[in-house]
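Notes follow once the structure below has been shown.
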Amino acid sequence: MHVLSIDRSIIDAIVAHARRDHPDEACGVVAGPVGSDTPTRHIPMDNAARSMTFYEFDSMEHLRVWREMDDRDEEPVVIYHSHTATEAYPSRTDVSFAGEPGAHYLLVSTREPDSEEIRSFRIVDGVITEEPVRVVEAGVDPHAVQSYMFGQSPATVDYECSGR
1 MHVLSIDRSI IDAIVAHARR DHPDEACGVV AGPVGSDTPT RHIPMDNAAR SMTFYEFDSM
61 EHLRVWREMD DRDEEPVVIY HSHTATEAYP SRTDVSFAGE PGAHYLLVST REPDSEEIRS
121 FRIVDGVITE EPVRVVEAGV DPHAVQSYMF GQSPATVDYE CSGR
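For the sequence shown, my numbering gives the first residue as 1, with consecutive numbering after it.
What follows is the structure in structure tokens.
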């Protein structure tokens with residue numbers, strides 16, 4: 001079973017990007033060294049569709065970012081976008097756009113103003129598999145992490161409060 005392990009600061013940056021672009025969907029990638037499955041470099045991207053219901057990478061930016069990752073021996077470990085009015089679950093459009101079978105597809109729902117729903121999926125050949133998100137606190141013992149499976153009870157999960 002795959003787990004997405006991701007640094008708290010990157011999650012915070014993704015959520016901030018999603019809030020900033022709300023009510024439009026936000027999108028971007030988190031790059032990491034090839035083969036490491038470790039997302040280290042957050043790259044917010046433009047939603048060329050400027051849409052509240054779907055996202056589309058700008059083709060020039062897409063090319064530039066992917067080329068830059070190649071140059072740095074990186075790959076897209078996480079591809080993220082936000083849903084602004086619906087739950088954090090891939091739409092049919094998301095599935096048809098999902099061209100990176102090795103990536104974690106991270107969804108953030110910004111439909112509630114004071115809590116985020118964050119879920120991660122693998123999308124391979126049109127099949128969606130949810131996976132747990134493990135948020136790692138930087139500078140903390142790597143074993144002292146919290147594991148989340150947001151799919152269980154999205155209504156009661158508020159990741160801001162669970163660390164207290």
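Virtual Cβ for every residue (Gly too), placed ideally from N, Cα, C. For clarity, every value in this text was computed on a predicted model and none was experimentally measured.
Of the candidates 127, 120, 107, 138, the residue whose Cα lies closest to the Cα of residue 55 is 107.
For residue 18, the closest alpha carbon among the candidates 111, 138, 121, 125 is that of 111. Classified as buried, residue 32 has 16 or more neighbouring CB atoms from the shown chains inside 10 Å of its CB.
A straight line joining the alpha-carbon of residue 120 with that of residue 15 spans about 14 Å. In the DSSP assignment, residue 97 falls within the alpha helix (DSSP H) that extends over 92 to 97.
Residue 129 has 122 as its beta-bridge partners, per DSSP.
Secondary structure note for residue 71: its alpha helix (DSSP H) is the uninterrupted segment 59 to 71.
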